[in-house]
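Visitor:
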Amino acid sequence: DEIVPLEADRKNYDSYGNIDMAVLQTLRAKVKEAGLWAPQIPREQSGLGYGPTGMAVLYEAMNYSIFGPVAFNCAAPDDGNMYILNKVATQAQKDRWLTPIINGDVRSSFAMTEPAPGGGSDPSMIQTTAKRVNGKWV
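Those letters in the sequence shown? Residues 91 to 228, by this note's numbering.
In structure tokens:
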């Protein structure tokens with residue numbers, strides 16, 4: 091009821107076509123106040139601890155609006171990066187990198203490239219390999 095109508099007003103977008111940061115902060119405050127913040131994150135990390143089935147339902151509902159996933163802290167690449175960090179990071183890495191993403195203090199990213207012909211934006215098409223030679227990766 092609150093998020094979808096915001097899409098129609100150009101003032102709710104920044105100059106790049108993304109949600110305006112002030113609008114995002116207001117939405118995120120409402121989501122946190124409603125107790126719906128970061129539903130995919132375990133409860134012990136301030137999330138709701140929803141599993142795959144619950145998240146599937148929420149992802150569908152959130153995606154009725156372009157602003158939905160980012161308002162609930164479930165947008166790419168943050169969503170996937172939080173999942174990976176939760177699975178493989180040390181506690182020190184989680185404290186430094188994961189917690190600020192969970193809290194919504196920062197956004198995350200990833201970078202991927204290789205020389206032509208390359209994989210473009212499809213990581214399954216990457217052709218670059220690495221192998222150990224004399225104790226070094228080449």
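Glycine included, every Cβ here is placed at the ideal spot set by N, Cα and C.
Got a sec, what are the start and stop residues for the alpha helix (DSSP H) tyrosine 173 sits in?
Guide: Here the question's residue 173 lines up with position 83 in the sequence shown. Taken as a continuous stretch (DSSP letters only), the alpha helix (DSSP H) holding tyrosine 173 covers 168-178.
Visitor: Hey, how far is the Cα of alanine 119 from the Cα of threonine 218?
Guide: In the sequence shown, counting from the first residue as 1, residue 119 sits at position 29. In the sequence shown, counting from the first residue as 1, residue 218 sits at position 128. When rounded, the distance between both Cα atoms is 43 angstroms.
Visitor: Just confirm the distance between the C-beta atoms of methionine 145 and glutamine 135, as a whole number of angstroms; I'd bet it's less than 8 angstroms.
Guide: To locate residue 145, count along the sequence shown from 1; it is residue 55. To locate residue 135, count along the sequence shown from 1; it is residue 45. The pair is not a contact, with the Cβ atoms about 15 angstroms apart (cut-off 8 angstroms).
Visitor: Assess, as a yes-or-no matter, whether the region 165-175 is touched by the region 197-207 under the definition of 3 or more beta carbon pairs within less than 8 angstroms.
Guide: Yes, since at least three Cβ pairs between the region 197-207 and the region 165-175 fall closer than 8 angstroms, the two stretches touch.
Visitor: Out of curiosity, what's the CA-to-CA distance linking proline 213 and lysine 122?
Guide: Translated into the one-based positions of the sequence shown, residue 213 becomes position 123. Translated into the one-based positions of the sequence shown, residue 122 becomes position 32. Roughly 34 angstroms between the two C-alpha positions.
Visitor: So, glutamate 97 versus phenylalanine 162, is the Cβ gap smaller than 8 angstroms?
Guide: Within the sequence shown, numbered from 1, the residue matching residue 97 stands at position 7. Within the sequence shown, numbered from 1, the residue matching residue 162 stands at position 72. No. Outside cutoff.
Visitor: Would you kindly report the start and end of the unbroken alpha helix (DSSP H) that includes methionine 145?
Guide: Counting from one through the sequence shown, the residue named residue 145 turns up at place 55. That run of the alpha helix (DSSP H) goes 142-152.
Visitor: At the level of alpha carbons, what is the spacing between alanine 112 and aspartate 104?
Guide: Locating residue 112 in the sequence shown gives position 22, where the first residue counts as 1. Locating residue 104 in the sequence shown gives position 14, where the first residue counts as 1. Each residue's Cα considered, the two are about 10 angstroms apart.
Visitor: Check lysine 227 in the structure and name its three-state DSSP category.
Guide: Along the sequence shown, one-based indexing puts residue 227 at 137. Just to set this straight, residue 227 is tryptophan in the shown sequence, not lysine. In the structure shown, tryptophan 227 sits in a strand (DSSP, three-state: E or B).
Visitor: DSSP three-state label for isoleucine 109, please.
Guide: What you label residue 109 is simply residue 19 of the sequence shown in a count that begins at 1. Correct three-state label for isoleucine 109: strand.
Visitor: Starting from the C-beta of proline 159, find all residues in its chain whose C-beta is less than 8 angstroms away, skip the five residues before and the five after it, and write them out in chain order.
Guide: Residue 159 sits at position 69 when you count from the first residue of the sequence shown. Hits under 8 angstroms: Tyr149, Met152, Asn153, Ala165, Ala166, Asp169.
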